[in-house]
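Trainee: Per my numbering, the sequence shown starts with residue 12, numbered consecutively.
For each residue, glycine too, the CB sits at the ideal point set by N, CA and C.
All of these numbers come straight from a predicted model, not from anything done at the bench.
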Amino acid sequence: MSALFFKRFLKRPFQIASIVPSSKALVERVANKMDFSQRRVIAEYGPGEGVHSRKIARRMTADSHLLLFELDGAFARDLTRQFADDPRVHVIHGDAATLPNELRRRGFPECDYILSGIPFSILPIEKKRALLQKTYDALAPNGAFIIYQVTNELKQHATLFEHGESEYFLQNIPPMFITVFHKTPSPHRRGRRTAKPKRLSGLVGVGTDSSA
Ligand SMILES: C[S@@+](CC[C@H](N)C(=O)[O-])C[C@H]1O[C@@H](n2cnc3c(N)ncnc32)[C@H](O)[C@@H]1O
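1) Taking only the alpha-carbon atoms, compute the straight-line gap between Gly213 and Ala95 and give it to the nearest angstrom.
2) Let me check understanding here. Comparing Cα to Cα, which of Ile157, Thr205, Gly61 lies closest to Val100?
3) Would you say the beta carbon of Ile129 comes nearer than 7 Å to a heavy atom of ligand 1?
4) Nearest-angstrom Cα distance between His63 and Gly57?
5) So for Ala149, helix, strand or coil by DSSP?
6) Starting from Thr190, follow its DSSP beta bridges and name the residues at the other end.
7) Starting from the N-terminal side, write out each stretch of the alpha helix (DSSP H) that is 4 residues or longer and does not extend beyond the segment 82 to 133.
8) Quick one: what's got a C-beta closer than 8 Å to Asp106's C-beta in the same chain, skipping five residues either side?
9) Here's the rule I'm using: 16 or more other beta-carbon atoms within 10 Å means buried, otherwise exposed. How should Lys35 be labelled?
10) Put His168 into one of helix, strand or coil per three-state DSSP.
11) Specify the secondary structure class of Ile53 as computed by DSSP and reduced to three states.
12) With distances taken Cα to Cα, identify the nearest neighbour of Gln49 among Val41, Ile67, Glu39.
13) Using only alpha-carbon positions, find the residue among Ile158, Ser132, Leu15 that is nearest to Asp89.
14) Can you tell me whether Asp148 sits near ligand 1, meaning its C-beta is under 7 Å from at least one heavy atom of the ligand?
15) Express the C-alpha separation of Ile136 and Lys209 in angstroms, rounding to a whole number.
16) Whole angstroms is fine: what's the gap from Phe192's alpha carbon to Ile125's?
Shown next as structure tokens:
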């Protein structure tokens with residue numbers, strides 16, 4: 012598995028952005044941010060060789076669904092093979108930005124959780140904002156967007172989420188920020204919530220907890 016990861020890194024270093032998969036400890040920590048006690052629709056951006064996907068699939072209920080969005084063809088083929096016997100897992104060889112279409116195609120109105128391992132920090136700003144908007148729109152009220160990244164720069168851009176909390180997690184090479192953005196829409200708010208383009212700091216309602 013790690014050999015495949017390293018080979019794909021050599022092929023597309025900026026897209027893969029890491030030479031090893033997430034550590035067992037990081038996978039456990041991220042999975043513990045989700046509540047698997049009932050049916051969930053979960054999307055994962057950039058599963059790579061599937062280290063988080065396998066954990067989620069093991070924990071989720073028999074009627075839950077997991078949609079995996081992977082740009083890299085070799086990873087997507089490998090994921091398709093790994094989950095061939097699990098009808099709850101849907102492997103999409105494509106961009107995370109196709110999430111709304113893929114949900115619609117399968118008749119899922121929304122996601123409870125969206126997990127991301129893609130290198131958001133190197134996405135062009137417009138692509139980053141567009142993906143954040145699609146992510147927010149696809150989440151159910153009270154759903155959460157969970158990311159793990161080397162930097163915490165996405166917090167500057169994810170202004171459309173009502174609340175977020177981060178921790179710096181050292182048990183991974185390299186250490187990662189794990190951030191959970193919560194969608195908790197106010198019942199009084201009207202219209203579609205959109206990110207404010209120029210706002211680069213001082214997030215309203217987004218706090219940072221740096222306990223690792
Ligand atoms: C750092 S790796 C993370 C792999 C895995 N989640 C892990 O934790 O070990 C990033 C992955 O995101 C994928 N990726 C990058 N941009 C993407 C995009 N826009 N849509 C879907 N996958 C993407 C890459 O191909 C790569 O597999």
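Mentor: For this structure:
1) By one-based count along the sequence shown, residue 213 stands at place 202. By one-based count along the sequence shown, residue 95 stands at place 84. Any answer about Gly213 is weak, because its pLDDT of 34 lies below 50 and its placement is not dependable; what the coordinates show is given next. The straight-line gap from Cα to Cα measures roughly 45 Å.
2) In the sequence shown, the residue the question calls residue 100 occupies position 89. For the residues Ile157, Thr205, Gly61, the minimum Cα distance to Val100 belongs to Gly61.
3) In the sequence shown, the residue the question calls residue 129 occupies position 118. Because some heavy atom of ligand 1 lies under 7 Å away, the Cβ of Ile129 counts as near it: yes.
4) As a first step, residue 63 must be located in the sequence shown, where it is residue number 52. As a first step, residue 57 must be located in the sequence shown, where it is residue number 46. The alpha-carbon atoms of His63 and Gly57 are separated by roughly 10 Å.
5) The residue you call residue 149 lines up with position 138 of the sequence shown. The answer is helix: DSSP assigns Ala149 an H, G or I state.
6) As a first step, residue 190 is located in the sequence shown; it is residue number 179 there, counting from the start. Partner(s): Ile158, Ser177.
7) 84 to 93, 110 to 117
8) Residue mapping note: residue 106 aligns to position 95 of the sequence shown, counting from 1. Answer for Asp106: Phe80, Leu82, listed in chain order.
9) By 1-based counting over the sequence shown, the position of residue 35 is 24. Its Cβ having fewer than 16 others within 10 Å, Lys35 is exposed.
10) Position 157 of the sequence shown, counted from the start, is the residue given in the question as residue 168. Residue state, collapsed to three classes: coil.
11) Translated into positions along the sequence shown, residue 53 becomes position 42. DSSP places Ile53 in strand when its eight states are reduced to three.
12) Within the sequence shown, the letter at position 38 stands for residue 49. Among Val41, Ile67, Glu39, the Cα nearest to that of Gln49 belongs to Ile67.
13) By 1-based counting over the sequence shown, the position of residue 89 is 78. Cα-wise, what sits closest to Asp89 is Leu15.
14) Taking the sequence shown and counting its residues from 1, the one referred to as residue 148 is at position 137. No, Cβ of Asp148 sits at least 7 Å from all heavy atoms of ligand 1.
15) In the sequence shown, counting from the first residue as 1, residue 209 sits at position 198. In the sequence shown, counting from the first residue as 1, residue 136 sits at position 125. Residue placement at Lys209 is flagged as unreliable, the pLDDT there being 39, under the threshold of 50; a coordinate-derived value is accordingly withheld.
16) The sequence position of residue 192 within the sequence shown is 181, counting from 1. The sequence position of residue 125 within the sequence shown is 114, counting from 1. Each residue's alpha carbon lies about 10 Å from the other.
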